[in-house]
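Visitor: With my numbering as the guide, the letters of the sequence shown map in order to residues 880 to 1626. Ideal Cβ positions, reconstructed from N, Cα and C, are used throughout, including at glycine.
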Amino acid sequence: MAESQTESVKNVTVGAVEEGADAGSQIIAPVLNDKALMALGTRLRAKFEKYKGDRVSYENQWIKNVRQILGVYDPEIETKIGNRSKAYPKLTRVKCVSMLSRLMNLLFTAGEKNYEIRPSPVPELSSEDLSGILEGIAPESTDQEIEEAIYKFAKLRAERLEREIDDQLQELGGDKSLSYVALCRKVLKSGIRYGIGVLEGPFAESVRARTWTRDLDGTLVENKMDKFRPCFDFVPVWDYYPDLSAKYFHQMEGSFRRIVMSKHELIEMANNRSETVFKDKIDEVIRRYPNGNYKSYSFETQLKEIGNQSAVNMESSNKYEIFRYIGHISADSFREAGIPVPDNVVSDDVIAHVMIVENIPIMAHLDPWSSMNEGRTVPMYHHFIFEEDDTNMLGEGLPSIVRDSQLGVCASTRMLLDNASVMRNFEVNRDMLVQDQDMMNIYTDKIWYREDGPATAHIPAIRAIELPMFLPELQNMVRMFKEFSDEETFVNAATGGDMQNGPSEPFRTAAGASMLQGMAALPFKDVVRNFDVFTESVIGSIVTFNKLFNKDMKAIKGDFTPVARGATSLMAKEVLGIQLDNLVNSLSDEEKKYVKFRDLLAARVRVRDLDAESVVVSPIEAEKIDKAEQEAIAKQQMQQEEMLRAELRKVLADAFKSVSLANKNMAQAEAQSAELVLDAMEQGINAAELSGKGEGNGKEFESGTGGDKRGLVQIAQGAGDVQGGQAAQPEDIFGSGAMPSGPVGNG
880 MAESQTESVK
890 NVTVGAVEEG
900 ADAGSQIIAP
910 VLNDKALMAL
920 GTRLRAKFEK
930 YKGDRVSYEN
940 QWIKNVRQIL
950 GVYDPEIETK
960 IGNRSKAYPK
970 LTRVKCVSML
980 SRLMNLLFTA
990 GEKNYEIRPS
1000 PVPELSSEDL
1010 SGILEGIAPE
1020 STDQEIEEAI
1030 YKFAKLRAER
1040 LEREIDDQLQ
1050 ELGGDKSLSY
1060 VALCRKVLKS
1070 GIRYGIGVLE
1080 GPFAESVRAR
1090 TWTRDLDGTL
1100 VENKMDKFRP
1110 CFDFVPVWDY
1120 YPDLSAKYFH
1130 QMEGSFRRIV
1140 MSKHELIEMA
1150 NNRSETVFKD
1160 KIDEVIRRYP
1170 NGNYKSYSFE
1180 TQLKEIGNQS
1190 AVNMESSNKY
1200 EIFRYIGHIS
1210 ADSFREAGIP
1220 VPDNVVSDDV
1230 IAHVMIVENI
1240 PIMAHLDPWS
1250 SMNEGRTVPM
1260 YHHFIFEEDD
1270 TNMLGEGLPS
1280 IVRDSQLGVC
1290 ASTRMLLDNA
1300 SVMRNFEVNR
1310 DMLVQDQDMM
1320 NIYTDKIWYR
1330 EDGPATAHIP
1340 AIRAIELPMF
1350 LPELQNMVRM
1360 FKEFSDEETF
1370 VNAATGGDMQ
1380 NGPSEPFRTA
1390 AGASMLQGMA
1400 ALPFKDVVRN
1410 FDVFTESVIG
1420 SIVTFNKLFN
1430 KDMKAIKGDF
1440 TPVARGATSL
1450 MAKEVLGIQL
1460 DNLVNSLSDE
1470 EKKYVKFRDL
1480 LAARVRVRDL
1490 DAESVVVSPI
1500 EAEKIDKAEQ
1510 EAIAKQQMQQ
1520 EEMLRAELRK
1530 VLADAFKSVS
1540 LANKNMAQAE
1550 AQSAELVLDA
1560 MEQGINAAEL
1570 SGKGEGNGKE
1580 FESGTGGDKR
1590 GLVQIAQGAG
1600 DVQGGQAAQP
1610 EDIFGSGAMP
1620 SGPVGNG
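1) For H1244 and T1368, what's the separation of their Cα atoms in angstroms?
2) With DSSP as the reference, please indicate the residues paired to V1086 in a beta bridge.
3) Distance check for K1142 and N1151, CA to CA, integer angstroms please.
4) Between the stretch 1208-1223 and the stretch 911-928, do three or more beta carbon pairs fall short of 8 Å?
5) Expressed to the nearest angstrom, what Euclidean distance is found between the alpha-carbon atoms of K959 and L986?
6) To the nearest angstrom, how far is it from the Cα of L1062 to the Cα of P1115?
7) State the DSSP-derived secondary structure class of F1424, mapped to helix, strand or coil.
8) Between the stretch 1077-1084 and the stretch 1030-1046, are three or more C-beta pairs nearer than 8 Å?
9) Can you say whether V1486 is buried or exposed, counting buried as having 16 or more other CB atoms within 10 angstroms of its CB?
10) Using a threshold of 8 Å, state whether the C-beta atoms of T971 and P1278 are closer than that.
11) Enumerate in chain order the residues of its own chain whose CB-to-CB distance from G1276 is below 7 Å, with the five nearest sequence positions on each side excluded.
12) To the nearest angstrom, report how far apart L1123 and E1132 are at their CA atoms.
13) If contact is defined by three or more beta carbon pairs under 8 Å, each pair taking one atom from either stretch, is the stretch 1291-1300 in contact with the stretch 949-964?
14) Might you give, ordered along the chain, the residues of its own chain that have their beta carbon closer than 7 Å to the beta carbon of N1464, omitting 5 neighbours on each side?
15) Given a cut-off of 8 Å on the beta-carbon distance, is the pair N993 and A1443 in contact?
16) Would you call the stretch 1154-1161 and the stretch 1230-1242 touching, i.e. three or more CB-CB distances under 8 Å?
17) For the stretch 1092-1165, which segments carrying the beta strand (DSSP E) assignment without a break, of at least 3 residues, lie completely within its bounds, in sequence order?
18) Go ahead and pull the three-state DSSP assignment for S1212.
19) Along the beta strand (DSSP E) that carries N1355, what are the first and last residues, could you check?
20) How about F1360: is its Cβ closer than 7 Å to a heavy atom in the ligand SAM?
21) Express the C-alpha separation of S1284 and L1051 in angstroms, rounding to a whole number.
22) For T988, which three-state DSSP category applies?
23) DSSP three-state call for G1074: helix, strand or coil?
24) Taking 8 Å as the cut-off, decide whether the C-beta atoms of R1477 and A1507 are in contact.
25) Do L1312 and R1329 have their CB atoms nearer than 8 Å?
26) How is P1402 classed by DSSP in three states: helix, strand or coil?
27) Quick check for students: name the residue ranges of the beta strand (DSSP E) that lie wholly in the stretch 1236-1298, counting only runs of 3 or more.
28) With a threshold of 16 other CB atoms inside 10 Å of the CB of W1248, please say whether the residue is buried or exposed.
29) For the stretch 1299-1330, list the beta strand (DSSP E) runs that are entirely contained and at least 3 residues long, ordered along the chain.
30) Taking contact to mean 3 or more Cβ pairs, one atom from each stretch, closer than 8 Å, check whether the stretch 1103-1119 and the stretch 1079-1093 are in contact.
31) Are there three or more Cβ pairs, one per stretch, closer than 8 Å when the stretch 1401-1417 is compared with the stretch 942-956?
32) Whose C-beta lies closer than 7 Å to the C-beta of K1068 among residues of the same chain, with five residues either side of it excluded?
33) For H1207, name the three-state secondary structure that DSSP assigns.
34) Sorted by chain position, which residues of the same chain lie with C-beta nearer than 8 Å to V1224's C-beta, five sequence neighbours on each side aside?
35) Just the Cα atoms here: how many angstroms apart are A1343 and V1301?
36) Assuming the contact rule is C-beta atoms closer than 8 Å, Y1204 and N1172 should be a hit. Round their C-beta distance to whole Å, please.
What follows is the structure, given as structure tokens:
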């Protein structure tokens, strides 16, 4: 199916889904009021003619841009050139190709997406989700802990939605199966050339998807389900007719898209089972225009002439010209025409989708997004503006920016070639030459025959005439206009990849050369931010699409915000890599507790142009590695504790041994003391004399601190209570608590 037919069918699909049409149900066509329906078509056709007339000045500029890129002079310039050089250095083409390549390199780097999905700062979740979150946290949790748990849950949902969208973006171009990157390249190319790039969508396309559930035994079971996938289509600027009376796109009343269909596609559209398609009106169109109603516009004729296709005639090729209007319209006009309008629509101003051929509506329905999304519509056209301009809404393309410099290079080049072509000028004296020889052509080794006399032999018969060429000056002019173009477009040899004229010092290392190229990319920042606006519009519509069409996928439900990341790619990767390395080396042990090291490692891998998914383990694998490491640490700690307990047992045994020895020494000391006293009494020695041999008086002996036996008494005191006569116990040494961790002496 061609692109145009794909557009119409997918719009019908959105309406069918919104109304809950079933594959086996009977579609009841509305009863139409032909007169009111034709009046609606006439008004829309008149509005299109107005939009078409307002766009003529832009079409003329776009035609000039095409000629400028292809190296073709405008007719008014070519007529003035005449029979002179028509050289056209394609400077503009080089600038456009370099700009496109550079932007694609900045926006779509290897292994990275130019967008991400984040939860809203204050996520709005369903009551069921909130109940599940509250059940998983402690009852005494603070408000901050509850909010953190809610945000963590919403962030997990956002990551799942981002993976789902990433899968959807792989095939986003409808029947052409173009990826998101391929569609964005078309949008960028259109924006660079004409100032604006347009993408239309999302349309709904039904596909079969696989899900997993658990049965009663807990076994995973594969289930097949119908799932809707968003589709987008690139819109050429030539087929897009916006409301140019508005200053901004969101202020437009509506817009038209011109679609060219074959008769086969139109018949296939009529056979589509939808109440929004008017089969009788399509049959009427085919009867009224059996050979089609397509006619080439002025810009199409000029484009064919530029492309040497003026001999191709499409007006007799059974093609139909269809216009689709998306915008505001009167609800009463729909009701009068018999087009269904819900009773809850109280405003007379509604958003509608209408397709017309000439002034005959062949499809009409209210905007399905408004009824499905609580009255909030989803923009169907997403715009990329290359360079915003206050004078017009559609922006300005690169060719018009560099046009004066391009024409200056062309004029200087033509003059240089014209002057160089007349460099060989000769003056021929026919009276000195033989008349029957060729005097009009000069070539290598040509012989000239003279017939003059000796009197004029010293005069040359052929003499070269030197004319002022000014070739160096003209070359400088060409160089000057090229420098002007570099400054006007900030697309020069450095930003285009040719670094031969750059400073030599950074090229001593590959990192320095890459950093130099990164610095050269900074002027693209404004263009990249303009594309970020386009990215957020597209991704935002896909987020809304998944909320409305994939309601069974609870894992992606939540309150999300799309964030474009194109501007973050402008930092030189070497600079970012050095910063990440320095961060790792400068982290303290206290700071390391608060760092997500796996994410930090993934960032360090990506900045080196490596695929993080193939180099860094997945979060699940990382969790297994962390768990295994924790188990190994726990096992090691258990071994260390067992060794410590064995050491304590040894120390305790030594301590008990020391206690026993102390008790034995104490008993021996007591016995020896008693024996000494008895011996002294038997020999009649005074106790005072016996005590005088020590350091203190006799009383000190009783306390166990004096005399020659002081050491023995101290040993007894160290082991237990001497005077009490009680043997020392382990508790007397170690206390009633834990055993000591260090070695114990021998008393």
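Guide: So, from the data block:
1) Between the C-alpha atoms of H1244 and T1368 there is a straight-line separation of about 45 Å.
2) V1086 is bridged to K1106.
3) 14 Å
4) yes
5) 43 Å
6) When rounded, the separation of the alpha-carbon atoms in L1062 and P1115 is 12 Å.
7) helix
8) The stretch 1077-1084 makes no contact with the stretch 1030-1046; the number of CB pairs closer than 8 Å stays below 3.
9) Here V1486 is buried: its Cβ has 16 or more other Cβ atoms, across all protein chains shown, within 10 Å.
10) yes
11) N944, I1071, R1072, Y1073, G1074 and F1265
12) 10 Å
13) Yes, they touch.
14) none
15) yes
16) Yes: at least three Cβ pairs fall under 8 Å.
17) 1099-1114, 1119-1121 and 1133-1141, all fully within the stretch 1092-1165.
18) helix
19) Here N1355 belongs to no beta strand (DSSP E); instead the alpha helix (DSSP H) covers L1350 to T1368.
20) Inclusion of the ligand SAM in the displayed structure is not the case, the ligand content being empty and no account of it being possible.
21) 39 Å
22) coil
23) In the structure shown, G1074 sits in coil (DSSP, three-state: anything other than H, G, I, E or B).
24) no
25) yes
26) helix
27) 1239-1245 and 1260-1264
28) buried
29) Complete beta strand (DSSP E) runs here, min 3: 1304-1307.
30) Yes, they touch.
31) no
32) L979
33) strand
34) A1210 and L1245
35) 12 Å
36) Not a contact, Cβ separation roughly 17 Å.
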